[in-house]
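K.L.:
Numbering (this note's numbering), first residue to last: 24 to 386.
Here's a structure for you.
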Ligand code: UD1
């Protein structure tokens, strides 16, 4: 059987790899080998996802942990090279845009192992984001580029990528969302947190541009304080943001009784809250897509997005970290005047099936 190495490293990778792993198993044509780099390592950021997504324990765990951009990427490369040179792999699948994606792609290409990049072609055109650099380099090195939307394909063509390598297949993260929706609905997350359906907003934050600079972080926290006058907010705090809150001495913003501060949520709890909330306020890439798939309003705390389809078709609006814009859109949501959005093509639960079919024909 042909061997496919699937690489995961950080939280947003797990829900993308899970449906691919399942389809590979079902195909009886490929053997999957799951490699976890250990970029995310806390129980709440990693282990709990394996259980909920029915992913087996990784075949290989690299345990790289956190460090600066260069050291983390380099450490993954060194360890992954050792592992990959011993496996006679026919293909390496990488997903998304995290440092593990970039590091694994660099190693694979030098060992002459073909690469499939799932979620290729997304561009924010903002090179201050580490993820944008990871996306550009990974796409340049990949042999199969699987896209979630037509605009991603156009970005790749503009960069001179051969159109024979580009396949518009849809969104694997939505495969996971559709599959686990009934389970998520059945969780008692609201009760545990003392919330009512539609009676709260969900906030997540972790981008360096928002949390690594005191002024930006504080601007967002001030805007949240205004929102809290109208509606309670649940804030699962990413480890990076937790550190920075302490470092910048901004923790006093968390003391409002309408703000529920919790640890990072499991996939099912997070999905449950997305389904039941009035709106999401976030700088996450994945949640912009998940809210569009769920038709839940999403306000994105960034200056740009690599996922424009969530704005043109979906329920997403860019609000930067601008209090005026944020409050304007919150009011529209609370008054029922916010846009409704439609679901993009191929965000239908079958993206990973399409990917494995394409790979079967070609490998
Ligand atoms: C990474 C990805 C980002 C993705 C995000 C999802 C890169 C460049 N960034 O950002 O694209 O959206 O994951 O979460 O790959 N930490 C812990 N425990 C953990 C993981 C991290 O305490 O399990 C701490 C680390 O000490 C570090 C900080 O969180 O200081 C950031 O972790 P890192 O992996 O550098 O990037 P993220 O901000 O999580």
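C-beta: ideal position from N, C-alpha, C; glycine also.
According to DSSP, what are the bridge partners of residue 25?
P.N.:
Translated into the one-based positions of the chain shown, residue 25 becomes position 2. DSSP output for residue 25 lists 53 as bridge partner(s).
K.L.:
Going by the DSSP bridge assignment, what does residue 219 pair with across the sheet?
P.N.:
Here residue 219 refers to the residue found at position 196 when the chain shown is read from its first residue. Beta-bridge pairing links residue 219 to no other residue.
K.L.:
Would you tell me roughly how many angstroms separate the C-alpha atoms of residue 144 and residue 351, rounded to the nearest one?
P.N.:
Mapped onto the chain shown, residue 144 falls at position 121. Mapped onto the chain shown, residue 351 falls at position 328. Cα-Cα distance, rounded: 32 angstroms.
K.L.:
Kindly indicate the opening and closing residues of the alpha helix (DSSP H) around residue 171.
P.N.:
Taking the first residue of the chain shown as 1, we reach residue 171 at position 148. Looking at the DSSP string, residue 171 is not in any alpha helix (DSSP H), and its letter there is neither H nor E.
K.L.:
Does the Cβ of residue 91 have 16 or more other Cβ atoms within 10 Å, making it buried, or fewer, making it exposed?
P.N.:
Position 68 of the chain shown holds residue 91. The residue is exposed, with fewer than 16 neighbouring Cβ atoms inside 10 Å.
K.L.:
Just to confirm the assignment, what range does the beta strand (DSSP E) spanning residue 191 have?
P.N.:
To locate residue 191, count along the chain shown from 1; it is residue 168. Element bounds for residue 191: 189-191.
K.L.:
Just mark residue 220 as buried or exposed, buried being the case when its beta carbon has 16 or more other beta carbons within 10 Å.
P.N.:
In the chain shown, residue 220 corresponds to position 197, counting from 1. By the 10 Å Cβ count, residue 220 comes out exposed.
K.L.:
Rounded to whole angstroms, what's the CA-CA distance from residue 173 to residue 367? Just pull it up for me.
P.N.:
For this step, residue 173 is matched to residue 150 along the chain shown. For this step, residue 367 is matched to residue 344 along the chain shown. Straight-line Cα distance between these residues: approximately 10 angstroms.
K.L.:
First and last residue of the alpha helix (DSSP H) that includes residue 270?
P.N.:
Within the chain shown, the letter at position 247 stands for residue 270. Residue 270 -> alpha helix (DSSP H) spans 262-270.
K.L.:
Sorted by chain position, which residues of the same chain lie with C-beta nearer than 6 angstroms to residue 268's C-beta, five sequence neighbours on each side aside?
P.N.:
For the purposes of this step, residue 268 is identified with residue 245 of the chain shown, where counting begins at 1. Contacts found: 274.
K.L.:
Rounded to whole angstroms, what's the CA-CA distance from residue 175 to residue 280? Just pull it up for me.
P.N.:
Mapped onto the chain shown, residue 175 falls at position 152. Mapped onto the chain shown, residue 280 falls at position 257. Cα-Cα distance, rounded: 42 angstroms.
K.L.:
Could you check whether the Cβ of residue 154 sits closer than 6 angstroms to any heavy atom belonging to the ligand UD1?
P.N.:
Locating residue 154 in the chain shown gives position 131, where the first residue counts as 1. Yes - the ligand UD1 has a heavy atom lying nearer than 6 angstroms to the Cβ of residue 154.
K.L.:
Where do the N-terminal and C-terminal ends of the beta strand (DSSP E) with residue 114 fall, by residue?
P.N.:
Stepping through the chain shown from its first residue, residue 114 is reached at position 91. Counting along the chain, the beta strand (DSSP E) containing residue 114 begins and ends at 114-118.
K.L.:
In three-state DSSP terms, what is residue 225?
P.N.:
Position 202 of the chain shown, counting from 1, holds the residue named residue 225. Residue 225: strand per DSSP, three-state reduction.
K.L.:
Residues in the same chain with beta-carbon distance under 8 angstroms from residue 256, minus the five sequence neighbours each way, listed in chain order, please.
P.N.:
Numbered from its first residue, the chain shown carries residue 256 at position 233. 223, 224, 225, 226, 247, 250, 281, 282, 283, 304, listed in sequence order.
K.L.:
Between residue 171 and residue 201, what straight-line distance do the alpha-carbon atoms span, to the nearest angstrom?
P.N.:
The sequence position of residue 171 within the chain shown is 148, counting from 1. The sequence position of residue 201 within the chain shown is 178, counting from 1. Going by the C-alpha atoms only, they are around 16 angstroms apart.
K.L.:
Reducing DSSP to helix, strand and coil, say where residue 374 ends up.
P.N.:
Taking the chain shown and counting its residues from 1, one reaches residue 374 at position 351. Residue 374: helix per DSSP, three-state reduction.
K.L.:
What are the residues that DSSP puts in a beta bridge with residue 282?
P.N.:
Mapped onto the chain shown, residue 282 falls at position 259. In the DSSP output, where bridge partners are listed per residue, residue 282 has 256.
K.L.:
Within the present structure, is the beta-carbon of residue 62 separated from the nearest heavy atom of the ligand UD1 by less than 6 angstroms?
P.N.:
For the purposes of this step, residue 62 is identified with residue 39 of the chain shown, where counting begins at 1. Yes, the beta carbon of residue 62 sits closer than 6 angstroms to at least one heavy atom of the ligand UD1.
K.L.:
Touching or not, the segment 127-137 and the segment 154-168, by the rule of three or more beta carbon pairs under 8 angstroms?
P.N.:
With the cut-off at 8 angstroms, the segment 127-137 and the segment 154-168 touch.
K.L.:
Taking 6 angstroms as the line, does the beta carbon of residue 292 fall inside it for any heavy atom of the ligand UD1?
P.N.:
Counting from 1 along the chain shown, the entry for residue 292 is found at position 269. It does not: the Cβ of residue 292 is nowhere closer than 6 angstroms to a heavy atom of the ligand UD1.
K.L.:
So for residue 300, helix, strand or coil by DSSP?
P.N.:
For the purposes of this step, residue 300 is identified with residue 277 of the chain shown, where counting begins at 1. Here residue 300 sits in coil by DSSP.
K.L.:
Taking only the alpha-carbon atoms, compute the straight-line gap between residue 230 and residue 307 and give it to the nearest angstrom.
P.N.:
Numbered from 1 along the chain shown, position 207 holds the residue referred to as residue 230. Numbered from 1 along the chain shown, position 284 holds the residue referred to as residue 307. Taking the straight line from one Cα to the other gives about 8 angstroms.
K.L.:
Roughly how far, in whole angstroms, is the beta-carbon of residue 110 from the beta-carbon of residue 26, given that I think they are within contact range, below 8 angstroms?
P.N.:
Numbered from 1 along the chain shown, position 87 holds the residue referred to as residue 110. Numbered from 1 along the chain shown, position 3 holds the residue referred to as residue 26. Correct: roughly 6 angstroms between the Cβ atoms.
K.L.:
Does the beta-carbon of residue 52 have 16 or more other beta-carbons within 10 angstroms, so that it is buried, or is it exposed?
P.N.:
The residue you call residue 52 lines up with position 29 of the chain shown. Flag for residue 52 reads exposed.
K.L.:
Counting only the same chain and skipping the five closest in sequence on each side, list residues whose C-beta sits under 7 angstroms from that of residue 364.
P.N.:
Within the chain shown, residue 364 is the residue found at index 341, counting from 1. Counting only Cβ-Cβ distances below 7 angstroms, and skipping sequence neighbours, we find 315, 318, 336, 337, 338.
K.L.:
In the DSSP assignment, find the unbroken beta strand (DSSP E) run with residue 138 in it and report its ends.
P.N.:
Translated into positions along the chain shown, residue 138 becomes position 115. Start and end: 138-141.
K.L.:
Since residue 312 and residue 333 should fall inside the 8 angstroms C-beta cutoff, what is the C-beta to C-beta distance between them, to a whole number of angstroms?
P.N.:
The residue given as residue 312 occupies position 289 in the chain shown. The residue given as residue 333 occupies position 310 in the chain shown. Their Cβ separation, rounded to whole angstroms, is 6 angstroms, which keeps residue 312 and residue 333 in contact under 8 angstroms.
K.L.:
Buried or exposed: residue 323, going by 16 or more other Cβ atoms within 10 Å of its Cβ?
P.N.:
Here residue 323 corresponds to residue number 300 of the chain shown, with the count starting at 1. Buried, by the Cβ-count rule.
K.L.:
Beta carbon of residue 56, beta carbon of residue 30: below 7 angstroms?
P.N.:
Numbered from 1 along the chain shown, position 33 holds the residue referred to as residue 56. Numbered from 1 along the chain shown, position 7 holds the residue referred to as residue 30. Contact flag unset, no.
K.L.:
How about residue 46 and residue 376: are their beta carbons less than 7 angstroms apart?
P.N.:
One-based indexing of the chain shown puts residue 46 at position 23. One-based indexing of the chain shown puts residue 376 at position 353. Yes, they are a contact pair.
K.L.:
Among all the DSSP beta bridges, which residues are the ones paired with residue 31?
P.N.:
To locate residue 31, count along the chain shown from 1; it is residue 8. For residue 31, which the question treats as bridged, DSSP gives the partners 59.
K.L.:
For residue 84, which of helix, strand or coil comes out of DSSP?
P.N.:
Along the chain shown, one-based indexing puts residue 84 at 61. DSSP places residue 84 in strand when its eight states are reduced to three.
K.L.:
Would you check if there are 3 or more beta carbon pairs closer than 8 angstroms linking the segment 147-154 to the segment 180-191?
P.N.:
Too few Cβ pairs lie closer than 8 angstroms, so no.
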